[in-house]
Amino acid sequence: MADKTLKASIQVDMDAKGVAKGVAATNRELDKLNRTARSAARAANITAGIDMLQMGMGMIQTAFSAVEKRMSELAALSNKYSPEAMNASIQAELDRYRADTRIGQALAPGAIERSRADAEMAAGEAARIEANASNVNAGMGATKRFSNNLMSALNIVLETGAGLIATNEARLRGDFGRAAELSAGTDAMAGELFNATNYTYAPGTGSARGMPYDEAGMMRRQTEAMEKLARGAGN
20 MADKTLKASI QVDMDAKGVA KGVAATNREL DKLNRTARSA ARAANITAGI
70 DMLQMGMGMI QTAFSAVEKR MSELAALSNK YSPEAMNASI QAELDRYRAD
120 TRIGQALAPG AIERSRADAE MAAGEAARIE ANASNVNAGM GATKRFSNNL
170 MSALNIVLET GAGLIATNEA RLRGDFGRAA ELSAGTDAMA GELFNATNYT
220 YAPGTGSARG MPYDEAGMMR RQTEAMEKLA RGAGN
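Sequential numbering of the sequence shown, starting at 20, is according to my numbering.
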């Protein structure tokens with residue numbers, strides 16, 4: 020048992036200035052936190068208010084559009100069957116025509132400048148095309164050939180992929196005879212990637228290296244393509 024006569028004493032040395040500074044700094048940080056929280060709350064409230072306002076405006080616009088549409092329908096009936104409304108409508112059209120005429124006459128110089136700007140742009144374009152006609156003509160043909168060849172190759176790949184799916188389907192259902200038949204047809208379809216008749220190319224002579232109709236590299240590319248298709252099909 021502890022000796023009841025035993026006494027313990029704790030001596031604490033404090034720097035009064037340091038404690039005061041620490042308390043003050045803590046209070047400042049808490050005040051900043053409170054201000055941040057209040058600002059965030061206000062921002063959230065403002066955002067929510069804007070969203071509600073936009074929603075309300077949208078509903079008002081929708082309702083007003085429906086009302087305006089109905090009023091236009093009724094006004095059309097009145098303009099059709101009421102002589103007074105018909106005359107008022109005709110007079111309004113005449114007034115609008117006179118107003119448009121005044122606007123057109125007042126803004127004629129600006130319209131003339133716009134027309135001149137379009138004409139100058141067209142003349143500049145014509146001069147540029149004439150100066151570069153050879154390259155532009157070649158580019159037009161090359162671009163179309165590239166687009167056609169790319170689409171043709173893509174279609175062949177898609178058609179071959181469909182054949183592979185059919186082949187695997189037959190194999191999975193145990194119809195190996197049909198699978199072998201489809202597989203042979205798929206091989207032929209893949210070979211169309213290297214058939215020159217499926218592509219269009221520039222007239223004249225030149226190297227076909229790297230092109231689908233490059234006879235020298237046909238077998239190598241065909242083998243690579245078939246191996247890739249087989250890997251894709253899980254064979």
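Yeah, the Cβ is synthetic: ideal placement off N, Cα and C, and Gly gets one too.
| query | result |
| --- | --- |
| Cβ neighbour criterion (16 or more within 10 Å) applied to Gly182 | buried |
| Unbroken stretches of the alpha helix (DSSP H), 4 residues or longer, contained in the segment 69 to 151 | 102 to 125, 127 to 150 |
| Contact check, Ala221 vs Ala161, beta carbons under 9 Å | yes |
| Environment of Ile175 [buried if 16+ CB atoms lie within 10 Å] | buried |
| Nearest-angstrom Cβ-Cβ length linking Asn168 and Thr219, presumed shorter than 8 Å | 7 Å |
| Helix, strand or coil at Thr179 according to DSSP, with G and I counted as helix | helix |
| Contact check, Ser202 vs Thr186, beta carbons under 9 Å | yes |
| Opening and closing residue of the alpha helix (DSSP H) in which Gly210 lies | 195 to 210 |
| Assigned secondary structure, Thr216 (DSSP; H/G/I helix, E/B strand, else coil) | helix |
| Collapsed DSSP secondary structure at Ala21 in the structure displayed | Residue confidence for Ala21 is low, a pLDDT of 49 falling below 50, so the modelled location carries little weight and cannot support an answer. |
| Contacting residues, own chain, Cβ-Cβ under 7 Å from Ser108 (five flanking each side not counted) | Asn98 |
| Cβ-Cβ distance between Ala85 and Ala94 below 9 Å | no |
| C-alpha distance - Ala199 paired with Phe213, whole-angstrom precision | 22 Å |
| Nonlocal neighbours in the same chain, by C-beta distance under 7 Å from Ser153, ignoring five residues either side | none |
| Where Arg47 falls: helix, strand or coil (DSSP) | helix |
| Local Cβ density within 10 Å of Ala82, reported as buried at 16 or more and exposed below that | exposed |
| Gly196 to Gly210 span [Cα, whole Å] | 22 Å |
| DSSP three-state assignment for Arg192, whether helix, strand or coil | coil |
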